[in-house]
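Novice: Following this message is one structure expressed as structure tokens.
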Amino acid sequence: MSHPHLLVETDGPVRTLTLDQPERRNAQTPSLWAALADEARSLDDDIRVVVLKGAGASFSAGIDTAMFSAEGVAGEESMAELVARGEDVVDAAIATYQEGFTAWAQCPAVVVAQVHGHAIGAGFQLALAADLRVAALDAWFAMRETGLGLVPDLGGTGPLVHLVGYARALEMCATGRPVSAPEAHAMGLVNSIVPAADLDAATYSLVGGILAAPDEAVRALKPLLRAAVDDPSRKAQLARERRAQGPLLTALVDGLG
């Protein structure tokens with residue numbers, strides 16, 4: 001599904017999705033999350049890498065907070081009406097919203113978040129939904145949901161704890177303090193940091209490195225490594241490695257014959 005604030009561009013095996021509402025610092029809404037989920041679930045087989053980025057001065061400053069007002073946001077589901085319909089309805093709605101973030105872990109392409117400026121709340125969680133993150137030196141990350149009396153609920157808590165550990169994740173979420181790009185890199189939150197002027201070059205250098213590897217191997221590698229995070233059982237992971245390697249090894253040997 002198309003969305004007025006999501007620009008989709010394809011260059012061979014690379015698809016770039018740009019949050020495109022710079023005058024609102026790429027504030028997010030449920031309709032945008034639905035469009036992101038649709039993009040993740042409907043990727044063409046020949047797309048090997050997806051780049052998530054933001055137009056203007058920021059990656060994304062998070063949810064459009066006007067959604068919490070009585071007036072809401074035109075064309076979007078009213079939060080006030082949603083809450084009035086009861087907890088089960090709220091639960092189901094959040095589950096749908098989460099798909100715009102969690103679907104990226106399930107898609108076969110490697111997803112790279114290119115972050116500059118603000119990555120706040122839902123913006124931070126979208127960066128966490130990617131497999132890899134490249135950040136400009138001017139980028140900073142913050143979970144501000146607790147300051148609103150809420151918690152992060154768009155799939156970001158699991159990746160955050162895995163990347164930086166429980167204590168750091170708790171401190172970041174509880175205080176909402178901004179984390180600079182250098183600090184984010186030092187704690188393993190982002191893969192690399194570069195001057196803002198070099199952000200595109202650094203991102204697409206990483207993309208090029210991914211594309212240089214055989215497609216079949218990378219497509220097998222992503223779910224293999226993600227499974228190690230979701231189910232860290234040593235025995236189960238060894239079995240997954242064997243299942244992934246079997247057809248790849250067969251193809252390699254057959255190609256040499």
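Numbering of the sequence shown is given in UniProt numbering, commencing with residue 1 and proceeding in unit increments. We put the CB at the ideal spot given by N, CA and C, even for glycine.
If we ignore side chains and look at the alpha-carbon of each, how far apart do V229 and Q245 end up?
Specialist: For V229 and Q245, the distance between alpha carbons rounds to 19 Å.
Novice: Please say whether L132 and N191 have beta carbons closer to each other than 8 Å?
Specialist: Against a cut-off of 8 Å, the Cβ pair of L132 and N191 comes out as a contact.
Novice: Where do the ends of the beta strand (DSSP E) carrying E9 lie?
Specialist: First-last of the beta strand (DSSP E) with E9: 6-11.
Novice: On the criterion of 16 or more Cβ atoms from any shown chain inside 10 Å, does S60 qualify as buried, or is it exposed?
Specialist: Buried: at least 16 other Cβ atoms inside 10 Å.
Novice: What does a CB cutoff of less than 6 Å around W33 pick up in its chain, not counting 5 residues either side in sequence?
Specialist: Cβ neighbours of W33 beyond the five flanking positions: Y97, G100.
Novice: Among A57, A35, G62, S2, which one has its Cα closest to the Cα of E23?
Specialist: The shortest Cα separation from E23 among A57, A35, G62, S2 belongs to A57.
Novice: State the Cα-Cα distance for the pair D215 and E77, rounded to the nearest angstrom.
Specialist: Taking the straight line from one Cα to the other gives about 40 Å.
Novice: DSSP state of Q114, grouped into three classes?
Specialist: Correct three-state label for Q114: strand.
Novice: How big is the Cα-Cα spacing for V151 and E171?
Specialist: Between V151 and E171, the C-alpha separation is close to 13 Å.
Novice: Using 10 angstroms around the beta-carbon of I193, count the other beta-carbons present and answer buried if the total reaches 16, otherwise exposed.
Specialist: It counts as buried.
Novice: From A243 to D88, what distance separates their C-alpha atoms?
Specialist: Per the sequence shown, residue 243 should be read as Arg rather than Ala. Rounded to the nearest angstrom, the two C-alpha atoms are 39 Å apart.
Novice: Let me check one thing: in DSSP terms, what residues is R133 bridge-paired to?
Specialist: The partner list for R133 (beta bridge, DSSP) reads A113.
Novice: Does the Cβ of A135 have 16 or more other Cβ atoms within 10 Å, making it buried, or fewer, making it exposed?
Specialist: Per the 10 Å Cβ criterion, buried.
Novice: Can you tell which of I120, V49, H118 has the C-alpha that lies nearest to the C-alpha of R219?
Specialist: For R219, the nearest C-alpha among the options comes from V49.
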